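Colleague: So the sequence lines, in the order shown, correspond to chains A and B. For the first sequence, this note's numbering assigns the number 1 to the initial residue and increments by one for each residue that follows. For the second sequence, this note's numbering assigns the number 458 to the initial residue and increments by one for each residue that follows.
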Amino acid sequence: MRVLMLGWEFPPHISGGLGTACEGLTTGLARHGVDVTFVVPELFGGEKSDHVHLVDSHGRITDERGTLHISDETEEADDGLQFPAKGRVRTKRVPAMLMPYLTPETFDDYVSKLKALAGELSTRGASLRAELDSVGIESGALSPTSARNPSVHYSWDMFGEVSRYAARISELFSGYSFDVIHCHDWMTFPAGVTLKKMTGRPLVLHVHSAEFDRSGAHVNDQIFGVERWGLENADVIIAVSYYTRRILNEQYGIPLEKIAVVHNGVYSDTVRERYRSDRRWPSRIVLFLGRITFQKGPDYFVEAAAKVVPIVPDVLFVMAGTGDMRQRMIDRVHELGLQDNFYFPGFLRGQEVEEMFSLADVYVMPSVSEPFGISALEAIKFETPVIISRQSGVSEVLSHALKVDFWDIERLADLMINALLHPELREDMISMARNEVRRLHWEASAIKTVEVYRRVC
Amino acid sequence: MPSVCFYFQVHQPFRIKRYSFFQVNHDHIYFDDEKNGTVLKKVAEKCYLPTNATMLELVKRHQGAFRIAYSITGTAIEQMKLYSPETLRSFEKLAETGAVEFVNETYYHSLAAVYHADEFREQVAKHRELVKELFGQTPRVFRNTELIYSDEVGQLVSELGFDAVIAEGADDVLGWRTPNFVYSVPRQLTSGREVKLLLKNYRLSDDIAFRFSNRGWPEWPLTAEKFAGWVHEVSGGGDVVNLFMDYETFGEHQWADTGIFEFLKHLPEMILRKPDWNFATPSQVIDRYPSRAELPFHRLTSWADVERDLTAWRGNRMQNSALNLVYEIGQRLKDKFGDAVDPLVLDTWRKLLTSDHFYYMCTKWFADGDVHAYFSPYESPYEAFINFMNVIRDFRERWLPEWKLEVPEVAG
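1) Would you list the one or two residues that DSSP bridges to B/MET941?
2) Quick one, which of B/PRO675, B/VAL614 and B/PHE638 has its alpha-carbon nearest B/GLY695's?
3) If you draw a straight line from the alpha carbon of A/ARG2 to that of A/THR244, how long is it in whole angstroms?
4) Between which two residues does the alpha helix (DSSP H) holding B/ARG807 run?
5) By how many angstroms is the C-alpha of A/GLN222 removed from the C-alpha of A/LEU142?
6) Just list the residues that DSSP pairs A/MET319 with in beta bridges.
7) Since B/HIS584 is in the alpha helix (DSSP H), which residue starts that stretch and which ends it?
8) Do the CB positions of A/VAL204 and A/VAL456 come within less than 8 Å of each other?
9) Using CA coordinates, which residue listed in B/ALA750, B/GLU690, B/GLU553 and B/ASP608 is at the minimum distance from B/TRP633?
10) Measure the C-alpha to C-alpha separation of B/VAL848 and B/THR805 and round it to an integer number of angstroms.
11) Considering just the uninterrupted stretch of the beta strand (DSSP E) at B/THR768, what are its terminal residues?
12) By DSSP, does A/ARG2 sit in helix, in strand, or in coil?
13) Put B/THR811 into one of helix, strand or coil per three-state DSSP.
14) What is the rounded straight-line gap between the Cα of A/ARG390 and the Cα of B/LEU724?
15) Can you confirm whether the segment 364 to 381 of chain A touches the segment 403 to 418 of chain A when touching is taken to mean that 3 or more C-beta pairs between the two stretches lie within less than 8 Å?
16) Got a sec: is the Cβ-Cβ distance from A/HIS334 to anything in chain B below 8 Å?
17) Chain B beta carbons: is any one of them nearer than 8 Å to that of A/ASP414?
18) Among B/PHE794, B/THR554 and B/PHE592, which has the Cα closest to the Cα of B/LEU545?
19) Given a cut-off of 8 Å on the beta-carbon distance, is the pair A/MET198 and A/VAL162 in contact?
20) In whole angstroms, what separates the C-alpha of A/TRP8 from that of A/GLY46?
21) Which one of B/GLU840, B/ASN844 and B/TRP860 has the shortest CA to CA distance from A/SER399?
22) Please go through the same chain and pick out, in chain order, the residues whose beta-carbon is closer than 8 Å to the beta-carbon of A/SER445, but skip the five residues on each side of it.
23) Check whether chain A comes within 8 Å of B/THR768, counting only Cβ atoms and requiring the distance to be less than that.
24) Using the three-state DSSP reduction, which class does A/THR244 fall into: helix, strand or coil?
25) Counting only runs of 4+ residues fully inside the segment 674 to 716 of chain B, write out the alpha helix (DSSP H) ranges in chain order.
26) Between which residues of its own chain and B/LEU661 is the CB-CB distance below 7 Å, once the five residues before and five after are set aside?
27) For B/ASN671, does the three-state DSSP call read helix, strand or coil?
28) Spell out the partners DSSP gives B/CYS462 in its beta bridges.
29) Decide if A/SER174 is buried, meaning its Cβ has at least 16 other Cβ atoms within 10 Å, or exposed.
30) Pick helix, strand or coil for B/VAL614, following the three-state DSSP scheme.
31) So what does DSSP say about B/TYR640, is it helix, strand or coil?
32) Do B/ARG650 and B/SER615 count as a contact pair if the criterion is CB distance below 8 Å?
33) Cβ atoms of A/LEU18 and A/HIS218: under 8 Å apart, would you say?
34) With distances taken Cα to Cα, identify the nearest neighbour of A/ALA166 among A/ILE259, A/VAL193 and A/ILE181.
35) Flag this pair as touching only if the segment 706 to 722 of chain B and the segment 668 to 685 of chain B have three or more C-beta atom pairs under 8 Å; answer yes or no.
36) Is the beta carbon of A/MET319 closer than 8 Å to that of A/PHE301?
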């Protein structure tokens with residue numbers, strides 16, 4: 001079976017759980033003989049691709065060592081592309097200015113960063129200017145348009161990018177041979193639907209996160225609309241949890257029988273000892289790690305922390321990540337006088353994440369609405385017990401966790417205090433969770449995914 | 458003349474209410490009266506009242522040929538008084554027939570035999586008084602919480618003057634022997650006195666208690682006639698078939714619609730159909746049959762799980778930590794106040810010793826994502842632990858404020 005899979009990111013260049021999930025799922029699928037071509041907007045080099053054909057929207061591929069090349073199939077069609085010997089490709093294509101989970105606000109933020117970069121005198125700045133100019137966008141005009149002008153919402157914007165990506169992908173892959181199209185989250189949905197219409201191949205849409213989760217009551221109607229349109233056009237939908245399945249049914253009106261549930265998995269290798277053995281921090285650590293956005297419930301974490309500190313003064317709350325609520329959280333921590341008990345290290349990647357999980361005494365995921373919450377499994381992988389919100393998909397598969405309704409700050413504090421005061425609780429939880437997580441492997445997810453393919457192929 | 462010896466355990470714990478860390482030092486009421494009342498009334502309606510009525514009818518119909526024994530914990534009796542006095546009256550009526558024996562145990566259904574010998578003796582004495590007061594009997598036979606037993610427990614029980622102990626017929630302890638004879642505690646543990654051992658025939662007991670309604674079991678459906686046939690097979694190879702089980706088997710673990718009550722109603726006549734068979738209470742058994750051998754128990758056994766050990770109550774770190782702490786609290790309380798200790802305070806502490814609180818913290822069945830079939834008021838063993846630790850923190854800080862627990866070391 002050949003699957004054309006459209007995603008947004010691939011490790012190690014990730015902004016959240018989506019890239020990790022895609023890597024895990026494709027690894028599992030490869031072990032079951034499924035041939036996956038995975039397309040992302042942008043390859044950076046260094047992506048692990050020994051199990052999968054990685055392609056980006058410029059037609060570039062990576063080899064087993066993660067070096068970037070132009071793929072054979074697309075080289076002929078795209079003779080204008082050229083690449084230097086070491087694989088650092090220059091193309092004349094539009095840089096895909098897309099990251100998963102962009103909101104109009106963060107997109108604007110992203111664009112203005114890009115604008116700043118384009119204004120730099122550095123080589124990177126110069127090359128970006130050249131790229132933009134080549135597609136007729138004056139770098140000087142690069143500005144967050146029109147959030148103030150409702151009639152032209154995001155003209156040079158996310159939605160433009162999404163449709164450009166859809167056009168580019170269909171151009172690259174409509175002549176390509178595959179049995180099924182599998183798309184991850186809304187930004188790939190237009191590309192998926194377009195490809196389906198051009199090729200007649202069945203379309204599987206995989207929902208890792210819905211606008212409803214990300215924005216709660218303040219959903220962006222345009223994103224919501226793209227999601228619903230995509231879901232309606234899909235042959236079958238994969239939700240990462242029953243929690244998400246229910247949301248797709250209740251909020252998007254998708255019939256339940258069209259939605260299969262495939263829980264995420266985790267790799268169960270452990271490297272905790274390495275980090276634990278030379279632990280630098282004397283105090284106990286409670287960790288929040290994720291985007292600091294409404295969806296992840298950072299405010300509940302801070303308010304609960306304020307109740308913990310008077311009882312367990314020797315504690316450090318680490319809030320790792322970036323997001324539109326970060327500054328507000330820093331301000332709130334100061335307001336509460338908790339600055340000595342808080343640390344905001346920013347966005348962590350790769351080894352830093354592993355180290356942080358390993359050092360933490362307890363990981364807290366207080367999400368307001370979490371389709372899955374793979375980070376809870378990651379924490380357990382590093383032998384850190386977890387407190388998770390009941391409003392999460394992962395709470396469906398994890399028994400050996402403390403669970404709390406995200407709004408119940410006092411209960412969250414109660415659980416944090418007890419987890420900090422009682423090493424025996426942490427040890428029992430982790431020794432049981434370790435075994436539990438072993439069963440939550442990607443192979444199981446892959447088997448279920450193959451079953452879904454068979455429903456439509 | 459072999460006998461069937463029926464013995465039933467009746468127990469209800471005082472369950473703890475949801476108790477947050479932030480209630481410590483503010484709220485000194487620990488028990489969930491509402492839940493406890495609801496559970497007791499429900500069990501009374503489904504099990505105690507209908508089963509007692511059946512037993513009374515059977516005793517009368519067989520004119521004393523049908524005999525049974527109970528032990529009812531102090532915590533269960535207290536809750537019957539509070540929430541279902543008619544249940545207690547029905548037990549008293551059974552006592553008045555003369556065909557029902559009441560066995561002694563720890564008043565609070567605790568693990569004190571393993572943790573605190575003095576406390577154990579006090580709880581046994583308290584239960585003994587209760588049995589005397591309510592049922593007019595002075596028990597000669599002892600059963601420990603969950604049939605927990607070892608040589609050490611045998612020695613403790615012997616010192617209290619009992620004539621016999623009820624224990625599990627664990628395979629590894631029995632070896633080639635059958636549970637269908639009477640044995641005795643090794644005499645070097647009893648200063649030469651004979652203390653008999655009545656061992657549960659777990660195969661036949663569990664056929665009723667666990668397998669009765671299991672449609673996947675090849676013997677399903679189990680009729681009284683079939684079961685009596687298995688019992689009768691013991692003829693010539695044993696003196697007594699000890700059928701020991703939770704009383705909640707009738708109507709609660711096995712619901713009425715499984716036919717468990719019809720089974721019970723017919724069983725006595727089926728057993729008595731062979732004229733050499735009879736029913737006997739534990740005291741009658743030990744008076745009637747000699748000990749065939751001294752039986753050492755080198756390990757702690759119980760009637761729980763396939764392991765027949767104590768891991769259901771102290772198999773993980775949380776359980777051990779909670780048990781050690783709660784017993785230390787009691788010791789310090791006794792050291793501090795001596796005989797002047799407030800009986801209500803002592804009673805509260807003792808209600809926290811009930812084995813169920815630790816059973817709820819058990820993780821061993823909670824593996825593999827199974828939602829454990831056993832009844833627990835908690836969503837997870839971790840919540841059970843947290844709730845319990847919060848409660849005993851309040852108790853400790855209230856009565857032993859001078860005792861500062863060290864904050865545990867940072868995990869390294």
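C-beta atoms are modelled at their ideal positions from N, C-alpha and C, and glycine is treated no differently. These figures come from a predicted structure and were not determined experimentally.
Modeller: Here's the rundown:
1) In the structure as shown, chain B starts at 458 and stops at 869, and residue 941 of chain B therefore has no counterpart that could be examined.
2) Numbered from 1 along the second sequence, position 238 holds the residue referred to as residue 695 of chain B. Of the listed residues, the one whose Cα sits closest to B/GLY695 is B/PHE638.
3) Within the first sequence, the letter at position 2 stands for residue 2 of chain A. Within the first sequence, the letter at position 244 stands for residue 244 of chain A. Using only the alpha carbons, I get a separation of about 27 Å.
4) In the second sequence, residue 807 of chain B corresponds to position 350, counting from 1. Residues 800 to 808.
5) As a position in the first sequence, residue 142 of chain A is number 142, starting the count at 1. As a position in the first sequence, residue 222 of chain A is number 222, starting the count at 1. Residue placement at A/LEU142 cannot be trusted, given a pLDDT of 39 that sits under 50; the coordinates are not used to answer.
6) One-based indexing of the first sequence puts residue 319 of chain A at position 319. Paired residue(s): A/PHE288.
7) One-based indexing of the second sequence puts residue 584 of chain B at position 127. Run containing B/HIS584: 574 to 592, per the alpha helix (DSSP H) assignment.
8) Here residue 204 of chain A corresponds to residue number 204 of the first sequence, with the count starting at 1. Here residue 456 of chain A corresponds to residue number 456 of the first sequence, with the count starting at 1. Result yes, Cβ atoms of A/VAL204 and A/VAL456 sit closer than 8 Å.
9) Along the second sequence, one-based indexing puts residue 633 of chain B at 176. Nearest C-alpha to B/TRP633: B/ALA750.
10) The residue given as residue 848 of chain B occupies position 391 in the second sequence. The residue given as residue 805 of chain B occupies position 348 in the second sequence. When the Cα atoms are used, B/VAL848 and B/THR805 turn out to be separated by approximately 11 Å.
11) Working through the second sequence from its first residue, we reach residue 768 of chain B at position 311. Premise fails: B/THR768 lies in the alpha helix (DSSP H), 768 to 771, not in any beta strand (DSSP E).
12) Start at 1 with the first residue of the first sequence, and residue 2 of chain A comes out as number 2. Note: A/ARG2 maps to strand in three-state DSSP.
13) For the purposes of this step, residue 811 of chain B is taken as the residue at position 354 of the second sequence. Here B/THR811 sits in strand by DSSP.
14) Numbered from its first residue, the first sequence carries residue 390 of chain A at position 390. Numbered from its first residue, the second sequence carries residue 724 of chain B at position 267. Computed Cα separation, rounded: 49 Å.
15) Touching, yes.
16) Position 334 of the first sequence, counted from the start, is the residue given in the question as residue 334 of chain A. False, the Cβ-Cβ gap to chain B never drops below 8 Å.
17) Taking the first residue of the first sequence as position 1, residue 414 of chain A is located at position 414. At least one chain B Cβ lies under 8 Å of A/ASP414.
18) In the second sequence, the residue the question calls residue 545 of chain B occupies position 88. For B/LEU545, the closest of B/PHE794, B/THR554 and B/PHE592 by C-alpha to C-alpha distance is B/PHE592.
19) Taking the first sequence and counting its residues from 1, one reaches residue 198 of chain A at position 198. Taking the first sequence and counting its residues from 1, one reaches residue 162 of chain A at position 162. No, the pair does not count as a contact, with Cβ atoms beyond the cut-off.
20) What you label residue 8 of chain A is simply residue 8 of the first sequence in a count that begins at 1. What you label residue 46 of chain A is simply residue 46 of the first sequence in a count that begins at 1. Rounded to whole angstroms, A/TRP8 to A/GLY46 spans 16 Å at the Cα level.
21) For this step, residue 399 of chain A is matched to residue 399 along the first sequence. Comparing Cα positions, the closest option is B/GLU840.
22) Residue numbering aside, residue 445 of chain A sits at position 445 when the first sequence is read from its first letter. For A/SER445, the CB contacts under 8 Å within the same chain, skipping 5 residues up- and downstream, are GLY24, LEU25, GLY28, VAL262, HIS263, ASN264 and GLY265 in chain order.
23) Locating residue 768 of chain B in the second sequence gives position 311, where the first residue counts as 1. At a cut-off of 8 Å between beta-carbon atoms, B/THR768 makes no contact with chain A.
24) Indexing the first sequence from 1 puts residue 244 of chain A at position 244. When secondary structure is reduced to three states using DSSP, A/THR244 falls in the helix class.
25) Counting only runs of 4 or more, we get 681 to 689.
26) Locating residue 661 of chain B in the second sequence gives position 204, counting from the first residue. For B/LEU661, same chain residues with a beta-carbon under 7 Å away, outside a window of 5 residues either side, are TRP687, VAL688, VAL698 and LEU700 in chain order.
27) As a first step, residue 671 of chain B must be located in the second sequence, where it is residue number 214. Of the three classes helix, strand and coil, the one that applies to B/ASN671 here is coil, per DSSP.
28) Numbered from its first residue, the second sequence carries residue 462 of chain B at position 5. B/CYS462 is bridged to B/ASN699.
29) If you number the first sequence from 1, residue 174 of chain A lands on position 174. A residue is called buried once 16 or more other Cβ atoms fall within 10 Å of its Cβ, and A/SER174, having fewer, is exposed.
30) Stepping through the second sequence from its first residue, residue 614 of chain B is reached at position 157. Taken through DSSP and simplified to helix, strand or coil, B/VAL614 comes out as helix.
31) Residue mapping note: residue 640 of chain B aligns to position 183 of the second sequence, counting from 1. Strand, per DSSP.
32) Here the question's residue 615 of chain B lines up with position 158 in the second sequence. Here the question's residue 650 of chain B lines up with position 193 in the second sequence. Yes, Cβ-Cβ distance for B/SER615 and B/ARG650 is below 8 Å.
33) By 1-based counting over the first sequence, the position of residue 218 of chain A is 218. By 1-based counting over the first sequence, the position of residue 18 of chain A is 18. No, these two residues do not count as a Cβ contact at 8 Å.
34) Along the first sequence, one-based indexing puts residue 166 of chain A at 166. It is A/VAL193 whose Cα lies nearest to the Cα of A/ALA166.
35) Under the three-pair Cβ rule at 8 Å, the segment 706 to 722 of chain B counts as touching the segment 668 to 685 of chain B.
36) The count along the first sequence starts at 1 and reaches residue 301 of chain A at position 301. The count along the first sequence starts at 1 and reaches residue 319 of chain A at position 319. When the beta-carbon positions are compared, A/PHE301 and A/MET319 come within less than 8 Å of each other.
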